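Single-structure report; data block below.
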Amino acid sequence: MLIRTISFLIILLINLVFCEDVCYKDKCQKSTPQNRYLFYDVNPPEGFNLRRDVYMRLVSLMHKLKHTNNPDLNKFKLVLPPWSHLVHWRYRETPEYLPWSKFFDIESLQRFAPVIELHEYFSDLEPFKYTKLILDRVYILQHFEDMFETGNFEERWKVEKCHKPPKLKYFYYANITSNTVKCISFHGPATKLQEIFLKTNARTILIEHAEVVLHNTFGDKIYWQSRRSMRFNVKIRKIASDFRNSYLNSSDELDNTILEQNWEDEKPKRNAIGGPYLAVHLRRRDFVRARVNEIPDFNSVYSQISKKLDELKLHSVFIATDSPEKEFNELKSKFDKKYEVYRYIAPPEIEKEYHEAGVAIIDQIICSHARYFIGTSESTFSFRIQEEREILGFRTNTTYNVLCKNKNNCKKPSVWQIVY
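Residues -19 to -1, 1 to 401 in mature numbering (1 follows the signal peptide of the UniProt record, and there is no 0) are what the sequence shown lists, from first letter to last.
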């Protein structure tokens, strides 16, 4: 009897030390003691490329926390939210729940900071699975209401009344919720969030409206390390490479765009040549309506492209655009037969596998390898291509160019050179 009592006390002690205080059917809802988890989400209308930028803000925070000596902060892992129901995607009745590995090389991301997929979070809790995740804390970020009226842009945060009613379920999952939700008026860089983390011992924290946080510093070494770590996965890169090889006489060997297998081993360079084609990102749809004074008509677009082709002595142009097929064909018909005009049309199996985001990534990869690139002013899509070209080692004058409304209305993009 004494032996049984001692054994029971030992088991109870182990459970108290290693398990959370919530158990189901005599099994603990296990959480690995050394880890804390930061979840995040972004305002639903934000597109794929802006969400990539928000990721860079938060992963820079994770990079800093990983190297801190504070044991309450260096245990964090960033949980990557599935891609689902993005506003620019064609509507689907059910959420897609696409993991980041569908588009990105996860091992490359993890070389910069501790990040995991949502499904990997549940794997961390093995062998005790449970079907409902109740987050310890949810913090909904919002702007200070008086910020733009008073001009007070100092770094600060404060728990305040919510501007909008909070939602109770997250990531389009019915079984991810929380009983503790607070709204925080916030202005400052992502690293300022650690002040909030230090005020709680919560193990699972969700930041809602993470787009409110800012970059710590834009364009510095840490920024570029996080950006270089965001390599696309091998399958998507191969699809783009096959297209370049088949239609544009372009390959990494010929174009001098071979990257090191590990981005940490890359050395500074400005010797990329690029494939023998001009690449253009032609943003239409909402830009045509919202930026009437900045977006050129098709006659002007044709004129600018053909002039640059003649100047560079090129005969092929690749156009990445969200234009409907009818509009694209209208533009294509303006070109003389001496020019070859290409657009990537994904086969049904590729579109089904990678959705609109994957097809857009293929467009970006093809554009990033061109001899010369012309983008759309103030488009995040174009900016991502410019970053890729910086990483590949292209000269700035072949990268930071945009289509102009006219000679008197041409807002040139800012040049953000890579820092190693």
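Beta carbons: idealized from backbone N, C-alpha and C, even for Gly.
Note that this is a predicted model, so its numbers are computed, not measured.
Per-residue DSSP class, three states only, for S210: Along the sequence shown, read from residue 1 onward, the residue named residue 210 stands at position 229. Helix, per DSSP.
For the beta strand (DSSP E) containing residue 416, name the first residue and the last one. A question about residue 416 goes unanswered here, because the residues of the chain that appear run from -19 up to 401.
Are N214 and S82 closer than 8 angstroms when you measure CB to CB? The count along the sequence shown starts at 1 and reaches residue 214 at position 233. The count along the sequence shown starts at 1 and reaches residue 82 at position 101. Against a cut-off of 8 angstroms, the Cβ pair of S82 and N214 comes out as a contact.
How should C348 be labelled, buried or exposed, when 16 other C-beta atoms within 10 angstroms of its C-beta is the threshold for buried? Start at 1 with the first residue of the sequence shown, and residue 348 comes out as number 367. Its Cβ being crowded by 16 or more others within 10 Å, C348 is buried.
Taking S349 as part of the alpha helix (DSSP H), name the residues at either end of that continuous run. The residue labelled residue 349 in the question sits at position 368 within the sequence shown. Note, S349: alpha helix (DSSP H), P329 to S349.
Can R225 and H350 be called in contact, C-beta distance under 8 angstroms? If you number the sequence shown from 1, residue 225 lands on position 244. If you number the sequence shown from 1, residue 350 lands on position 369. For R225 and H350, yes; Cβs fall inside 8 angstroms.
How many Å lie between S395 and T377 at the Cα? Here residue 395 is taken as the residue at index 414 of the sequence shown, counted from 1. Here residue 377 is taken as the residue at index 396 of the sequence shown, counted from 1. When the Cα atoms are used, S395 and T377 turn out to be separated by approximately 11 angstroms.
Continuous alpha helix (DSSP H) assignments of at least 4 residues falling wholly in the segment 58 to 104: For secondary structure counted as the alpha helix (DSSP H) over 4 or more consecutive residues, the segment 58 to 104 holds these complete runs in sequence order: 87 to 93.
From this set, E369, I355, Y320 and R38, which residue's C-alpha is nearest I343's C-alpha? As a first step, residue 343 is located in the sequence shown; it is residue number 362 there, counting from the start. The shortest C-alpha separation from I343 is found at E369.
Those residues which DSSP pairs with residue 424 across a bridge: Residue 424 lies beyond the range of the chain shown here (-19 to 401); nothing can be said about it.
Near F125, what residues of its chain come up, given a Cβ to Cβ distance below 7 angstroms and the 5 sequence neighbours on each side ignored? Locating residue 125 in the sequence shown gives position 144, where the first residue counts as 1. Close CB contacts of F125 within its chain, under the 7 angstroms cut and outside five residues either way in sequence, are with S166 and H168 (chain order).
Chain C within 8 angstroms of K45, Cβ atoms only: Within the model displayed, chain C is absent; a lone protein chain is all it includes.
With 16 other Cβ atoms within 10 Å as the buried cut-off, status of P329: Counting from one through the sequence shown, the residue named residue 329 turns up at place 348. P329 comes out exposed.
Option nearest Y320 by Cα separation, candidates L295, A191 and N50: Residue numbering aside, residue 320 sits at position 339 when the sequence shown is read from its first letter. Cα-wise, what sits closest to Y320 is L295.
What three-state label does DSSP hand S314 in the structure shown? Position 333 of the sequence shown, counting from 1, holds the residue named residue 314. Assigned with DSSP and collapsed to three states, S314 falls in coil, not helix or strand.
Decide if the segment 198 to 205 is in contact with the segment 151 to 166; the criterion is three or more beta carbon pairs, one per stretch, under 8 angstroms apart. Inter-segment contact for the segment 198 to 205 and the segment 151 to 166 is absent: fewer than three beta-carbon pairs are separated by less than 8 angstroms.
Give the C-beta separation of F29 and A341 to the nearest angstrom, bearing in mind that I take them to be a contact with Cβ-Cβ under 8 angstroms. Position 48 of the sequence shown, counting from 1, holds the residue named residue 29. Position 360 of the sequence shown, counting from 1, holds the residue named residue 341. About 7 angstroms; that satisfies the 8 angstroms criterion.
In or out: I177 buried (at least 16 other Cβ within 10 Å) or exposed? For this step, residue 177 is matched to residue 196 along the sequence shown. That one is buried.
Provide the residue span of the alpha helix (DSSP H) that contains Y21, from first to last. Locating residue 21 in the sequence shown gives position 40, counting from the first residue. Per DSSP, Y21 belongs to no alpha helix (DSSP H); it is in the beta strand (DSSP E), R17 to Y21.
Does the distance from the C-beta atom of N197 to that of S41 stay below 8 angstroms? Translated into positions along the sequence shown, residue 197 becomes position 216. Translated into positions along the sequence shown, residue 41 becomes position 60. It is a contact, given that the beta carbons lie within the stated cut-off.
Any chance you could list the alpha helix (DSSP H) runs of at least 4 consecutive residues sitting entirely within the segment 231 to 259, in chain order? The DSSP assignment places 233 to 236 as complete runs of the alpha helix (DSSP H) inside the segment 231 to 259, in order along the chain (cut-off: 4 residues).
Here's a check: name, in chain order, each residue in its chain whose Cβ is nearer than 8 angstroms to the Cβ of Q367, leaving out the five neighbours to either side. For the purposes of this step, residue 367 is taken as the residue at position 386 of the sequence shown. So the list reads F354, G356, T380, Y381, P394 and W397, once near-sequence residues are dropped.
Cβ of I121 within 8 angstroms of Cβ of H66? As a working note, residue 121 is residue 140 in the sequence shown. As a working note, residue 66 is residue 85 in the sequence shown. Taking 8 angstroms as the Cβ cut-off, I121 and H66 do not qualify as a contacting pair.
Would you kindly check if the distance between the Cβ of V119 and the Cβ of L187 is under 8 angstroms? By 1-based counting over the sequence shown, the position of residue 187 is 206. By 1-based counting over the sequence shown, the position of residue 119 is 138. Taking 8 angstroms as the Cβ cut-off, L187 and V119 qualify as a contacting pair.
Going by the DSSP bridge assignment, what does L114 pair with across the sheet? By one-based count along the sequence shown, residue 114 stands at place 133. The partner list for L114 (beta bridge, DSSP) reads I157.
Cutting at 7 angstroms between CB atoms, please list the residues of its own chain near T181, excluding the five before and the five after it. The residue given as residue 181 occupies position 200 in the sequence shown. Within the same chain, T181 has close Cβ partners R118.
Check for me: the alpha helix (DSSP H) holding R270 runs from which residue to which? Locating residue 270 in the sequence shown gives position 289, where the first residue counts as 1. That run of the alpha helix (DSSP H) goes R266 to A271.
Quick test of the definition: if touching needs 3 or more C-beta pairs under 8 angstroms, does the segment 44 to 61 touch the segment 87 to 94? Touching, yes.
Measuring only the C-alpha atoms, how far is Y228 from S297? For this step, residue 228 is matched to residue 247 along the sequence shown. For this step, residue 297 is matched to residue 316 along the sequence shown. For Y228 and S297, the distance between alpha carbons rounds to 9 angstroms.
Would you mind stating whether L99 and P76 have Cβ atoms separated by less than 8 angstroms? Walking along the sequence shown from the start, residue 99 turns up at place 118. Walking along the sequence shown from the start, residue 76 turns up at place 95. Cβ distance not < 8 angstroms, so L99 and P76 don't count as in contact.
State the DSSP-derived secondary structure class of F375, mapped to helix, strand or coil. For the purposes of this step, residue 375 is identified with residue 394 of the sequence shown, where counting begins at 1. In the structure shown, F375 falls within a coil segment according to DSSP collapsed to helix, strand and coil.
Quick check on DSSP: helix, strand or coil for T322? The residue labelled residue 322 in the question sits at position 341 within the sequence shown. According to the sequence displayed, residue 322 carries Val and not Thr. V322 falls in the strand class under three-state DSSP.
Does the beta-carbon of K150 have 16 or more other beta-carbons within 10 angstroms, so that it is buried, or is it exposed? Counting from 1 along the sequence shown, the entry for residue 150 is found at position 169. K150 counts as exposed, since fewer than 16 other C-beta atoms from the protein chains shown sit within 10 angstroms of its C-beta.
With 16 other Cβ atoms within 10 Å as the buried cut-off, status of C143: Locating residue 143 in the sequence shown gives position 162, counting from the first residue. Counting the other CB atoms within 10 Å of its CB gives C143 a total below 16, which places it among the exposed residues.
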